[in-house]
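First comes the structure, then the notes that go with it.
Chains as they are written, first to last, in the numbering used here: chain S, 1 to 200; chain V, 1 to 268.
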């Protein structure tokens, strides 16, 4: 039940963000973000590229809605025990819907919430060598999945077109898995930093 | 009109999502059990099937990590029995009274790994507890079918399940090992498997080994290797079933693995 509620809230959020206002072209922007997930199950590092096109800007310039697209690429090193080499690469291609709130008198500080949804692909390639027991085994698995989640960003404009931001991210993809976690499922929270370039 | 249709869809989605609940039958209880071998008190969680009778002999499922999995698996077992998929069975969840996370390292692993700063490596003592203390106790309390003693575990519990499977004098004849931590101590389990193959001509057991695709390779590869090695031994009486759950992580595998595993080993 909770899964469905979250999914509905997510889609209603996206729908409202995208369709509730008339489109008014404004400054488009591109972002390059570096993210990491530190976990007992292994750390993941990656980059996210995002393009945003504003579709609404409030008259007082304090609020902005935008839509866009993004691509994520994450790598996880799988060397967690002796003899294992390899990694897992995840790639997500998706759409985004963001709302930003501009703070301070100068409007240079801003908070952005971004919902994203798209297609994800994950591939693991690894090898295990254990000389004592004569093991030399290759392993490969891949998975396609529906990816969706949210970004929370706190940014600051440092130049006319350049802003820096701190990022938190949660991946909700596991909510629609056919298997439910029984115990100790990691939350999948990532954090990172990024740079925004505003275009005319 | 569109708004009404949308509202209807949303309400319908919420209402139709209500989970199917089956009627819980049977009875469950919790008791304390002191082991002289391990020198510790265990919690035993017991589930008896509906219409339990001393005139019938029941399979006994010994479930490791009972603190975590007994309640969830009781529902699954109850469902399987009610639908007639498996015969009525008794479930014994083996749990701890405190420090569950640490004590499972102590009891489920072998041999000792000094790199860990908590007690570990005493699966040999735990096996004596199972064989000489717990099973005789359960057999004296309930009407049991000694040809259908199942040992079932996940992760380190899966490792312990396989450890028992590699013992020539094991009292169990059926094993469900899910996402087993075979990597423990440089995958020492393969040494036990090798020794077993040197000591027996046949392995008359029913075994189920499963792992999820979203687990780290340190978990998936040794499990695949073990399955391949067991199959390569050509044991005539070994009934080995393996399953690879696509998209399942380490914490998502236990219940589906237990459920499929118990069907596999009790129905073969």
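Every residue, glycine too, gets a C-beta built ideally from N, C-alpha and C.
The model shown is predicted, which means the values in this text are computed figures rather than measured ones.
When you compare the CB positions of residue i and residue j, do they come within less than 8 Å of one another, or not?
| i | j | result |
| --- | --- | --- |
| residue 28 of chain V | residue 129 of chain V | no |
| residue 107 of chain S | residue 159 of chain S | no |
| residue 66 of chain V | residue 108 of chain V | no |
| residue 177 of chain V | residue 179 of chain S | no |
| residue 168 of chain S | residue 110 of chain S | no |
| residue 179 of chain V | residue 81 of chain V | no |
| residue 126 of chain V | residue 149 of chain V | no |
| residue 166 of chain V | residue 192 of chain V | yes |
| residue 30 of chain S | residue 145 of chain S | no |
| residue 123 of chain S | residue 89 of chain S | yes |
| residue 101 of chain S | residue 63 of chain S | yes |
Do you know offhand how far residue i's Cα is from residue j's?
| i | j | result |
| --- | --- | --- |
| residue 24 of chain S | residue 154 of chain V | Because the pLDDT of residue 24 of chain S is 39, which lies under 50, any placement of that residue in the model is unreliable, and the question is left without a value. |
| residue 22 of chain S | residue 55 of chain S | For residue 22 of chain S, the pLDDT reaches just 40, beneath the cut-off of 50, and the residue's location in the model is therefore unreliable, leaving the point undetermined. |
| residue 227 of chain V | residue 115 of chain S | 43 Å |
| residue 153 of chain S | residue 32 of chain S | 13 Å |
| residue 53 of chain V | residue 143 of chain V | 8 Å |
| residue 201 of chain V | residue 38 of chain S | 48 Å |
| residue 235 of chain V | residue 110 of chain V | 25 Å |
| residue 243 of chain V | residue 262 of chain V | 13 Å |
| residue 135 of chain S | residue 112 of chain V | 22 Å |
| residue 59 of chain V | residue 147 of chain V | 8 Å |
| residue 73 of chain V | residue 124 of chain V | 26 Å |
| residue 131 of chain V | residue 204 of chain V | 18 Å |
| residue 220 of chain V | residue 85 of chain S | 13 Å |
| residue 117 of chain V | residue 100 of chain V | 16 Å |
| residue 71 of chain V | residue 232 of chain V | 37 Å |
| residue 218 of chain V | residue 210 of chain V | 14 Å |
| residue 20 of chain S | residue 174 of chain S | Here residue 20 of chain S scores only 44 on pLDDT, less than 50, and its place in the model should not be relied on; the value that follows carries that caveat. Approximately 29 Å between the Cα atoms of the pair. |
| residue 19 of chain V | residue 175 of chain V | Interpretation of residue 19 of chain V is limited by its pLDDT of 47, a score under 50 that renders its predicted location unreliable; no figure is taken from the coordinates. |
| residue 119 of chain S | residue 75 of chain S | 17 Å |
| residue 103 of chain V | residue 32 of chain V | 16 Å |
| residue 121 of chain V | residue 187 of chain V | 13 Å |
| residue 42 of chain V | residue 96 of chain V | 5 Å |
| residue 50 of chain V | residue 259 of chain V | 19 Å |
| residue 106 of chain V | residue 50 of chain S | 49 Å |
| residue 162 of chain S | residue 57 of chain S | 19 Å |
| residue 237 of chain V | residue 152 of chain V | 20 Å |
Using 8 Å for Cβ pairs, my map puts residue i next to residue j. What's the rounded Cβ distance?
| i | j | result |
| --- | --- | --- |
| residue 170 of chain S | residue 150 of chain S | 6 Å |
| residue 87 of chain S | residue 80 of chain S | Actually they do not touch by this definition, with Cβ atoms about 11 Å apart. |
| residue 189 of chain V | residue 230 of chain V | Rounded, the Cβ-Cβ distance is 11 Å, inconsistent with contact. |
| residue 70 of chain S | residue 42 of chain S | So it is not a contact: roughly 24 Å between Cβ atoms. |
| residue 65 of chain S | residue 99 of chain S | 5 Å |
| residue 334 of chain V | residue 114 of chain V | There is no way to answer for residue 334 of chain V, as the model of chain V reaches only from 1 to 268. |
| residue 96 of chain S | residue 67 of chain S | 7 Å |
| residue 34 of chain S | residue 188 of chain S | Rounded, the Cβ-Cβ distance is 17 Å, inconsistent with contact. |
| residue 208 of chain V | residue 264 of chain V | 4 Å |
| residue 57 of chain V | residue 119 of chain V | Residue 57 of chain V to residue 119 of chain V, Cβ: 37 Å. No contact. |
Going by C-alpha to C-alpha distance, which of the options sits closest to residue i?
| i | options | result |
| --- | --- | --- |
| residue 183 of chain V | V/215, V/198 and V/197 | V/215 |
| residue 44 of chain V | V/55, V/50 and V/30 | V/30 |
| residue 138 of chain V | V/233, V/90, V/243 and V/196 | V/90 |
| residue 48 of chain V | V/64, V/87, V/38 and V/39 | V/87 |
| residue 125 of chain S | S/98, S/47 and S/140 | S/140 |
| residue 127 of chain S | V/224, V/257 and V/256 | V/224 |
| residue 177 of chain S | V/212, V/140 and V/265 | V/212 |
| residue 83 of chain S | S/133, S/74 and S/174 | S/133 |
| residue 143 of chain S | V/169, V/175, V/246 and V/64 | V/246 |
| residue 53 of chain S | S/185, S/72, S/131 and S/27 | S/27 |
| residue 181 of chain S | V/55, V/251, V/37 and V/104 | V/251 |
| residue 168 of chain V | V/217, V/194, V/181 and V/159 | V/194 |
| residue 191 of chain S | S/29, S/36 and S/49 | S/36 |
| residue 240 of chain V | V/256, V/206, V/77 and V/254 | V/206 |
| residue 185 of chain V | V/159, V/75, V/56 and V/55 | V/159 |
| residue 121 of chain S | S/157, S/73, S/50 and S/130 | S/73 |
| residue 222 of chain V | V/79, V/238, V/181 and V/197 | V/181 |
| residue 266 of chain V | V/164, V/61, V/40 and V/38 | V/61 |
Would you say residue i touches the ligand SAM, meaning its beta carbon is less than 7 Å from a heavy atom?
| i | result |
| --- | --- |
| residue 32 of chain V | In terms of ligand content, the structure shown is empty, and the ligand SAM therefore cannot be addressed. |
Contact criterion: CB-CB distance below 8 Å. Does residue i meet it with respect to chain B?
| i | result |
| --- | --- |
| residue 111 of chain V | In the displayed structure, chain B is absent; the protein chains listed are S and V. |
Under 9 Å, CB to CB, which of the residues in the stretch 35-52 of chain S have a partner in chain V? Residues are counted here when their Cβ sits less than 9 Å from a Cβ of chain V; for the stretch 35-52 of chain S these are 41 and 42, given in chain order.
Positions along the stretch 47-80 of chain V whose CB lies within less than 9 Å of some CB in chain S: 65, 68, 69 and 72
Between the stretch 169-183 of chain S and chain V, which residues of the former have CB atoms less than 9 Å from a CB of the latter, in chain order? 174, 177, 178, 179, 180, 181, 182 and 183
Closer than 9 Å between beta carbons: that is the criterion. Which residues of the stretch 136-150 of chain S meet it against chain V? Going along the stretch 136-150 of chain S in chain order, one finds 137, 138, 139, 141, 142, 143 and 145 with a Cβ nearer than 9 Å to chain V.
Selection of the stretch 149-167 of chain V by Cβ proximity to chain S, strictly under 9 Å: 154
Scan the stretch 86-102 of chain S for residues whose Cβ lies nearer than 9 Å to a Cβ of chain V and list them as they occur along the chain. Under the 9 Å Cβ criterion, the stretch 86-102 of chain S contributes 86 and 88.
Of the residues that make up the stretch 184-195 of chain V, which ones have a beta carbon closer than 8 Å to any beta carbon in chain S? 186, 187, 190, 191 and 194
Report the residues of the stretch 130-150 of chain V with a CB closer than 9 Å to any CB of chain S, ordered along the chain. Those residues of the stretch 130-150 of chain V placed with their C-beta closer than 9 Å to a C-beta in chain S do not exist.
Residues of the stretch 219-251 of chain V in Cβ contact with chain S at a cutoff of 8 Å, in chain order, please. Near chain S, meaning a CB-to-CB distance below 8 Å, the residues of the stretch 219-251 of chain V are 220, 221, 222, 224, 225, 245, 246, 247, 248, 249, 250 and 251.
With 7 Å as the C-beta to C-beta threshold (strictly closer), list the residues of the stretch 105-137 of chain S near chain V in chain order. 124, 126, 128, 130, 132, 133, 135 and 137
What residues in the stretch 90-108 of chain V bring their beta carbon closer than 8 Å to a beta carbon of chain S? none
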